[in-house]
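> Please read through the structure below; I'll follow up with questions.
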Amino acid sequence: MKVVQTKDTMSSIYLDAVRIRNQVFVVEQGVPLSREIDKDEAHCIHFVLYSDQKEPQGTVRLLPLKNGKMKLQRMAVLSEYRHKGLGKVLIEEAENFARRQGYNTILLGAQVTAEAFYEKLGYEVYGEPFEDAGMAHVHMQKRL
């Protein structure tokens, strides 16, 4: 497997990320496409995990913020590849990228159903729960 990244929203890597996100968030979870693709697309670093056969399996993006922080967003693994550790690989790759760029904290808004996944990777809940796209979420963060 291999994780690649891009900021180019015209690249095939980005288009693979969007296809994965569409399948997971729009088709499976019912998130409106108008909410899934947002104004931050061109400001993010998009990561896609490919199998050895070059099949896109998962994606995540990082949005650079101020004060040494990045926001991890749009974490998605296609259903047929879940529970194989691919999400962990994607998160670790994103964290390593953020460290190399000099960032010290990653923030995220996790669906409550994914809270335990992020906790296993060292993220901690802070603040009050919130709703996004009709789903319960929690704020989480991790110091790098």
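Numbering (my numbering), first residue to last: 6 to 149. Beta carbons are placed, not taken as given, at the ideal position from N, Cα and C, and that holds for glycine. In this text, all values refer to a predicted model and were calculated from it rather than measured experimentally.
1) Measure the alpha-carbon distance for Gly-139 versus Ala-22 and round it to whole angstroms.
2) Entirely within the stretch 36-75 and at least 4 residues each: give me those alpha helix (DSSP H) ranges in chain order.
3) Leaving aside the five residues before and after Val-130 along the sequence, list all residues of the same chain whose C-beta is less than 6 Å from its C-beta, in chain order.
4) Could you give the uninterrupted runs of the alpha helix (DSSP H) lying entirely in the stretch 83-117, keeping only those of 4 residues or more?
5) Could you check where the alpha helix (DSSP H) with Phe-122 kicks off and where it finishes?
6) Secondary structure at Gln-28, three-state DSSP: helix, strand or coil?
7) Given a threshold of 16 other Cβ atoms within 10 Å of its Cβ, counted over all protein chains shown, does Thr-64 qualify as buried or as exposed?
8) When you compare the CB positions of Tyr-3 and Met-6, do they come within less than 8 Å of one another, or not?
9) Would you kindly report the start and end of the unbroken beta strand (DSSP E) that includes Gly-132?
10) Could you tell me the distance, in whole angstroms, from the CA atom of His-51 to the CA atom of Ala-103?
11) When DSSP labels each residue in this structure, what does Leu-149 get in the three-state scheme?
12) Are the beta-carbon atoms belonging to Leu-149 and Glu-100 less than 8 Å from one another?
13) For Gln-62, count neighbouring Cβ atoms within 10 angstroms of its own Cβ and tell me buried if that reaches 16, exposed if not.
14) According to DSSP, which residues form a beta bridge with Ala-81?
To lay it out plainly:
1) By one-based count along the sequence shown, residue 139 stands at place 134. By one-based count along the sequence shown, residue 22 stands at place 17. Each residue's alpha carbon lies about 22 Å from the other.
2) If only complete runs of 4 or more residues are kept, the stretch 36-75 shows the alpha helix (DSSP H) at 38-41, in order along the chain.
3) Start at 1 with the first residue of the sequence shown, and residue 130 comes out as number 125. Taking Val-130 as the centre and dropping the five residues before and after it, the same chain places the C-beta of Val-143 and Met-145 closer than 6 Å to its C-beta, in chain order.
4) Fully enclosed alpha helix (DSSP H) runs of 4 or longer: 91-105.
5) For the purposes of this step, residue 122 is taken as residue 117 along the sequence shown, with counting starting at 1. It spans 120-125 - the alpha helix (DSSP H) in which Phe-122 sits, taken as one unbroken run.
6) If you number the sequence shown from 1, residue 28 lands on position 23. DSSP places Gln-28 in the helix class (H, G or I) of the three-state scheme.
7) To locate residue 64, count along the sequence shown from 1; it is residue 59. Thr-64 should be labelled buried.
8) Within the shown structure, residues of the chain are numbered from 6 to 149, placing residue 3 beyond reach of any answer.
9) As a first step, residue 132 must be located in the sequence shown, where it is residue number 127. Its beta strand (DSSP E) spans residues 129-137.
10) Numbered from its first residue, the sequence shown carries residue 51 at position 46. Numbered from its first residue, the sequence shown carries residue 103 at position 98. Going by the C-alpha atoms only, they are around 12 Å apart.
11) Working through the sequence shown from its first residue, we reach residue 149 at position 144. Coil, per DSSP.
12) The residue given as residue 149 occupies position 144 in the sequence shown. The residue given as residue 100 occupies position 95 in the sequence shown. Yes, the pair counts as a contact, with Cβ atoms nearer than the cut-off.
13) Start at 1 with the first residue of the sequence shown, and residue 62 comes out as number 57. Buried.
14) Against the sequence shown, residue 81 aligns to sequence position 76. Thr-64.
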